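Residue numbering for the sequence shown is -5 to 949, as defined by the working numbering. Virtual Cβ for every residue (Gly too), placed ideally from N, Cα, C. Quick caveat, the model's predicted, so the values are computed rather than measured. Heads up, the thing below is written out as structure tokens.
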Amino acid sequence: MKGGDTAMAMVEREQELVLLEALLASAVMGRGRVALVGGAVATGKSTLLHTFAEQAIELGALAVTATGSPLERDVPLGVLRQLVEDAPLVPQERERALSLLEEGARAVAAGADERRPVDAQLVHALCGVLLDLSERCPLVLVVDDVHHADRESLLCLAYLARRVRLAQIVAIFGHADQAWHTDSYFQTELLRQPHCRRVRLTRLSRAGVAAMLAARLGDEAAERLADEMYAHSGGNPLLVTALADDYEESARTAPEPPAGVVVGEQYGQAVLSCLSRGEARVARAARGLAVLGEPRSLDLLLGVPAAEVNKDLHSLGAAGLTALGTFRHEAARQAVLGAMDAGERAELHRRAAELSYGVGASPAVVARHLLEAGRVDAPWGIEILEEAARSALRAGQVDSAVGYLRLAWRACADDTQRAKIMTMLVRAEWRINPAAPAGRLAELAEAVHRGSLRGGDAVVLARALLWHGRVDDARDVLEQVLESGGTADQETRAELVVARLCLRAAHPPFLTALGHMTKEEGPGGIVSVSVSRRLESALALAEVLTRGPREEYVDAVERILEDSRLDEMSLDTVENSLLTLTYAGRAERAAPLCDMFAAEASARQAPSRRARLAAIRAEIAIRQGDMPAAERHARAALQIIPMSGWGVAVGGPLGSLIFALTTMGRYDEVREHLDVPVPEVMFQTRYGLHYLHARGRHSLATGYPALALGDFRRCGDLMTEWNLDTPGLIPWRADAAEACLRLGRVEEARELVRDQLDGCVPDDPRGRGVALRLLAATLDPGDRPALLRQATGCLQAAGDRYELARALADLVETYDALGEYRRARTIATWAQAVAAECGVEPPASSLSPAHQQSHGAPRSGSHGGSSTGSGGGPERGATATAARPSAVPLGELSDAERRVASLAAAGCTNREIAAKLFVTVSTVEQHLTRTYRKLGITRRSDLPLVLEFGEQAGV
-5 MKGGDTAMAM
5 VEREQELVLL
15 EALLASAVMG
25 RGRVALVGGA
35 VATGKSTLLH
45 TFAEQAIELG
55 ALAVTATGSP
65 LERDVPLGVL
75 RQLVEDAPLV
85 PQERERALSL
95 LEEGARAVAA
105 GADERRPVDA
115 QLVHALCGVL
125 LDLSERCPLV
135 LVVDDVHHAD
145 RESLLCLAYL
155 ARRVRLAQIV
165 AIFGHADQAW
175 HTDSYFQTEL
185 LRQPHCRRVR
195 LTRLSRAGVA
205 AMLAARLGDE
215 AAERLADEMY
225 AHSGGNPLLV
235 TALADDYEES
245 ARTAPEPPAG
255 VVVGEQYGQA
265 VLSCLSRGEA
275 RVARAARGLA
285 VLGEPRSLDL
295 LLGVPAAEVN
305 KDLHSLGAAG
315 LTALGTFRHE
325 AARQAVLGAM
335 DAGERAELHR
345 RAAELSYGVG
355 ASPAVVARHL
365 LEAGRVDAPW
375 GIEILEEAAR
385 SALRAGQVDS
395 AVGYLRLAWR
405 ACADDTQRAK
415 IMTMLVRAEW
425 RINPAAPAGR
435 LAELAEAVHR
445 GSLRGGDAVV
455 LARALLWHGR
465 VDDARDVLEQ
475 VLESGGTADQ
485 ETRAELVVAR
495 LCLRAAHPPF
505 LTALGHMTKE
515 EGPGGIVSVS
525 VSRRLESALA
535 LAEVLTRGPR
545 EEYVDAVERI
555 LEDSRLDEMS
565 LDTVENSLLT
575 LTYAGRAERA
585 APLCDMFAAE
595 ASARQAPSRR
605 ARLAAIRAEI
615 AIRQGDMPAA
625 ERHARAALQI
635 IPMSGWGVAV
645 GGPLGSLIFA
655 LTTMGRYDEV
665 REHLDVPVPE
675 VMFQTRYGLH
685 YLHARGRHSL
695 ATGYPALALG
705 DFRRCGDLMT
715 EWNLDTPGLI
725 PWRADAAEAC
735 LRLGRVEEAR
745 ELVRDQLDGC
755 VPDDPRGRGV
765 ALRLLAATLD
775 PGDRPALLRQ
785 ATGCLQAAGD
795 RYELARALAD
805 LVETYDALGE
815 YRRARTIATW
825 AQAVAAECGV
835 EPPASSLSPA
845 HQQSHGAPRS
855 GSHGGSSTGS
865 GGGPERGATA
875 TAARPSAVPL
885 GELSDAERRV
895 ASLAAAGCTN
905 REIAAKLFVT
915 VSTVEQHLTR
925 TYRKLGITRR
935 SDLPLVLEFG
945 EQAGV
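Shown next as structure tokens:
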């Protein structure tokens, strides 16, 4: 052992080493001594003995060593043979000693059945060999792990210990506490001798652990890690060394040293080493403790008296492996479990399940043991597994719930109960990946036809089948539910009501499979809070998609989201509520709520929920004009759940990704995603509308307006057919109008835009702003400013920065065409800053038919998804924080004049302004007259943009 290693190993062992040196000094003077060195396993006994043996030569003595082993416990005189072979005997003495050992071994073998003691003359002769040697040179006899020595060697060593008192011998025996496999007479005999000293090693103190770490890792790391390492090791030197090894290994592979203790493989191996050094019954107690996790009922589990178990637990605690009856670290428990024989582990868990159930333990505790046992024998087992699965799902422990349900399903013999268990299993697996339970759906559909699965569970199955595009199977299941009279119970009625509303919003063509709702099938009697929330959110989404935004629905779903958490409501409720806010033009309110639920889903380890919320977040980001965020969330959704797992819903995140990449001008990447095959049945869902819309935007941006118009028209036809024709979902008329402008079909574009304006409700500023911008493009330049100014006001109110940047770009070209260059420069800088906020190239030119006919649309990524042609726009040099310059002396206006002028710039009439500000029409006219004079303008259309008035206008 190297000097540094020796110093580290001998921490807090200095006094014991000094004591042994004193015993040797006495022996050298002819007064022999005996030392019995004890302590718990792995407390450093062997290290102390080996260190002392190495120092013996320096102290004028010769060391002769031996070590007991459980593998050689039945070898007669095995330990004594080690001492003889290690002693520096002359050939004649060695030959005589070996001959005596052979004679003794034969005698023991001959009398094995009678267990006769070794002949006294033989013992005397063997010990005499060592006594004679000590007359030539003082001896240090070291026997480590003497508790593992064979019985015959112990007899000889006890005889020798009595006779060393007047010899130059110090005999040192190391043993583990409570680990004697033979009669304790050897220990008793030694301690009776007046020249015997007992030396007991204890575990290291906290200061001792710090000293060991300082020698190994340095003072700074030692002080930082000492408390935690002491807690995990209990001061056991072997465990401390293992933890230091794990820390150094982690430090070698990591860029920065670990901030805390690293509990790794070396620690687990050290725990197993401690157990292997002790008694087999202590190791068995450790295995039982690892299975139970607590000492209660350990005697019943192992089938041994409680007194013995307590003794074994004390041994584990004395070794530093446990504290307060449990393992000091979970890694220790896992190491013990991992090293167990599979059959023994399963049997112990089976017995632990029975014991836990018998004492009234929680279903989760019992189910964990059943799962580890891998089988269910007791009649109560399946019910326990189901209850534990429900609790695990409520706590977000989806993997555990899946394990419980799989075992329950395998063990269950009743068809009806098996079908219900499998339904629960499908729901649980769905939280991880919707593709996982796909293989079970056919079996569940068959269970519906057999009558084993009915009611609300069958409705849930139908929706799962629809997700995977299996429309015919879903229709058969729902028809079976309706024909079997399954709507009689409240749960089934609730599921059918919610299903109708969800189908109305996501699978409109399929709604006919449910027929018309009768009075008996209505929501009457639904009093559950969770069901009420599901119903209210589904109804709000259906109403917003069919009739447009309504403030009462927006307030209702926002209240649901703010008052609930993900574990208290189904994901349907969360999705429907967030989509209601999104399609109602409340993206700024939906975004933080969606982020909150996404964080909760992540914390609860629910990948499927995270992915679906990420898909919604991508839609929200698009409506906010934040294209990098839309790309990030859409990619996350498609990475968490693979394409195959999304089923028909893949059109949502895939459409958002295509839309965002197109807007940012990354057309080559878009083509890769467009080449990915999608289910044909997807185009009969709301998700297909998003995909068609995104594909049309890509065609338009890359110079194929005719193809784009086809996608937009198809989108519109489906929305009209399904009665989902609201701009808040998809403004297909505006996009179709843009395509018509590219094709030179101005009148058709104008008609489409006017139809969208007629369909916009007052609560839809985004749809109105987009339509006004395109309507302006159908007019002569002189007629555009007023409409474009109204468009910018609407889009600013809607919070869509990308569409705002497009409107500002069109206004720039309009002012350029009218020769108002100062105003054009002001707005161009503004447009550049807004575009930078969106992560896109600044849109550059107008949508005038003349321009489109002469220039066309670009086919490469030169403009970042601008709706217009190339050239003429500001460079992408400005940042999103660029100042908004003012070309007019707005500072001269009073607050009242600012408010009136901003509303006039937004397109409001004098009467509308008076109503909004609660003043008379005459007051409005007076404010406008003074405003015109201060700004040096003569007409309403010359007013600055509503944005230029800033927040002080209060608009």
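- Contact annotation: V137 and L151 have beta-carbon atoms nearer than 9 angstroms.
- Look at A317 here: in three-state DSSP terms it is strand.
- Taking C-beta atoms under 8 angstroms as the contact rule, A170 and G272 qualify, at a distance of about 6 angstroms.
- For F167, there is no enclosing alpha helix (DSSP H); the enclosing beta strand (DSSP E) has its first and last residue at 163 to 168.
- DSSP assignment within the segment 533 to 604 yields the following whole alpha helix (DSSP H) runs of 4 residues or more, N-terminal first: 545 to 556, 565 to 577, 581 to 597.
- Judged by their CB atoms, L124 and V58 are nearer to each other than the 9 angstroms cut-off.
- For D138, the secondary structure class from DSSP, reduced to helix, strand or coil, is strand.
- In the structure shown, the three-state DSSP call for L718 is coil.
- Judged by DSSP in its simplified three-state form, C496 adopts helix.
- Contact check for V644 against M621 fails: the beta carbons are separated by 9 angstroms or more.
- Taking the Cα of R800 as reference, the smallest distance to any Cα among R927, V764, E302, S478 is reached at V764.
- The three-state secondary structure of C406, taken from DSSP, is coil.
- With fewer than 16 other Cβ atoms inside 10 Å of its own Cβ, I51 counts as exposed.
- Collapsing the DSSP output to three states places C190 in a strand.
- If the five residues before and after Q618 are omitted, its C-beta is found closer than 8 angstroms to the C-beta atoms of A581, E582, A585, G793, D794, R795, all from its own chain and listed in chain order.
- Here the alpha carbons of A628 and L648 stand approximately 7 angstroms from one another.
- Rounded to the nearest whole angstrom, the CA to CA distance from S291 to L349 is 8 angstroms.
- Along the segment 263 to 307, the alpha helix (DSSP H) occurs as fully enclosed runs of 4 or more residues at 274 to 286, 292 to 296, listed in sequence order.
- For Y547, the closest C-alpha among the options E556, S558, L535, T540 is that of L535.
- For G463, the secondary structure class from DSSP, reduced to helix, strand or coil, is coil.
- The DSSP-derived three-state label of A29 is strand.
- A residue is called buried once 16 or more other Cβ atoms fall within 10 Å of its Cβ, and H226 is buried on that count.
- Judged by DSSP secondary structure, L789 falls within the alpha helix (DSSP H) whose first and last residues are 778 to 792.
- The C-alpha of A624 lies about 52 angstroms from the C-alpha of G228.
- Counting only the Cα atoms, P721 lies some 17 angstroms from L572.
- The secondary-structure analysis by DSSP pairs A60 across a beta bridge with V137.
- Distance from the CA atom of R559 to the CA atom of A600, rounded to whole angstroms, is 14 angstroms.
- Ranking R448, I554, A595 by CA distance to the CA of A389 puts A595 first.
- For G287 against T320, the beta-carbon gap comes to about 7 angstroms, under 8 angstroms, which counts as contact.
- Per DSSP, reduced to three states, the secondary structure at L195 is strand.
- Cβ atoms of L438 and M418 stay farther apart than 8 angstroms, at about 11 angstroms.
- Leaving aside the five residues that flank R191 on each side, the residues in its chain whose CB is nearer than 6 angstroms to its CB run, in chain order, A29.
- Counting along the chain, the unbroken alpha helix (DSSP H) around R130 starts and ends at 114 to 130.
- Distances from the alpha-carbon of R145 to those of V112, R130, V84, R159 put V112 closest.
- Between L937 and A898 the beta-carbon gap is near 6 angstroms, inside 8 angstroms, which marks them as a contact.
- Secondary structure at S178: coil, using DSSP grouped into helix, strand and coil.
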